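> Questions regarding the structure given below will be posed in turn.
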Amino acid sequence: MNRPRVLPTPVSQPYWDGLAQEKLVLQRCDACGSWVHYPRIRCSTCLSAQLSWHEVSATGILYAFSVAYHPIAPWFPADPPQVIAVVELGNGVRLSTTIVDADPQTLSIGIPVTGVFEHHDDVTLLQFRPAAS
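Under the working numbering, the first residue of the sequence shown is numbered 38, with each subsequent residue one higher.
Okay, structure coming up:
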């Protein structure tokens with residue numbers, strides 16, 4: 038069974054284009070300065086439509102995580118366990134993601150993590166791994 042495919046929209050296309058270039062780009066409101074993620078047409082704080090794209094560091098801390106010891110769906114049969122996580126970036130934005138290259142037993146809330154860009158034929162996904170000590 039094939040994995041679900043990412044279908045970028047005109048609003049989200051810059052995000053996916055950035056990932057393809059191994060850059061994390063997020064929207065920021067030009068009116069109030071709030072960071073906006075997931076991509077949208079209006080600021081979630083002040084409702085302004087004045088949003089622009091900015092490159093940010095793909096580093097942060099592990100904010101929350103759960104370990105799935107069995108595949109979470111039929112199209113994700115690969116090597117459990119899978120660590121499903123929320124990473125908080127330095128600017129406060131929280132991203133849903135997965136943690137790779139780590140023994141789940143060694144993970145703890147608050148550890149530093151760094152982005153890993155996983156390239157597929159038609160899309161690049163952002164995952165994270167524990168940062169080197």
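Glycine is no exception: its CB is placed at the ideal position from the N, C-alpha and C atoms. Note that this is a predicted model, so its numbers are computed, not measured.
1) Along the alpha helix (DSSP H) that carries Trp53, what are the first and last residues, could you check?
2) Considering just the uninterrupted stretch of the beta strand (DSSP E) at Trp112, what are its terminal residues?
3) Runs of 3 residues minimum, wholly inside the region 73-155: which ones carry the beta strand (DSSP E) assignment?
4) Quick one, are the C-beta atoms of Arg166 and Ala122 less than 8 Å apart?
5) Ignore the nearest five residues each way along the sequence and tell me which others in Gln119's own chain have a CB closer than 8 Å to its CB.
6) As a quick exercise: from Asn128, Ala168, Thr161, pick the residue whose alpha carbon is nearest that of Val43.
7) Can you have a look at Leu126 and say buried or exposed, based on whether 16 or more other CB atoms are within 10 angstroms of its CB?
8) Does the beta-carbon of Leu132 have 16 or more other beta-carbons within 10 angstroms, so that it is buried, or is it exposed?
9) Under the rule that 16 or more other beta-carbon atoms within 10 Å means buried, what is Leu88, buried or exposed?
10) Buried or exposed for Tyr7, going by 16 or more other Cβ atoms inside 10 Å?
11) What does DSSP give as the partner residue(s) for Thr161 in the beta ladder?
12) Could you give the first and the last residue of the continuous beta strand (DSSP E) run that contains Cys66?
13) Taking the DSSP output, what are the residues bridged to Arg166?
14) Please report how far the alpha carbon of Thr96 lies from the alpha carbon of Gly70, in whole angstroms.
Result, derived from the coordinates:
1) 50-57
2) Careful: Trp112 lies outside any beta strand (DSSP E) and carries neither H nor E.
3) 88-93, 96-105, 119-126, 131-136
4) no
5) Val104, Ala105, Pro108, Ile109, Phe113, Thr135
6) Thr161
7) buried
8) buried
9) buried
10) In the structure displayed, the chain extends from 38 to 170; residue 7 sits before or after that span and is not available.
11) His156
12) 61-66
13) Thr151
14) 20 Å
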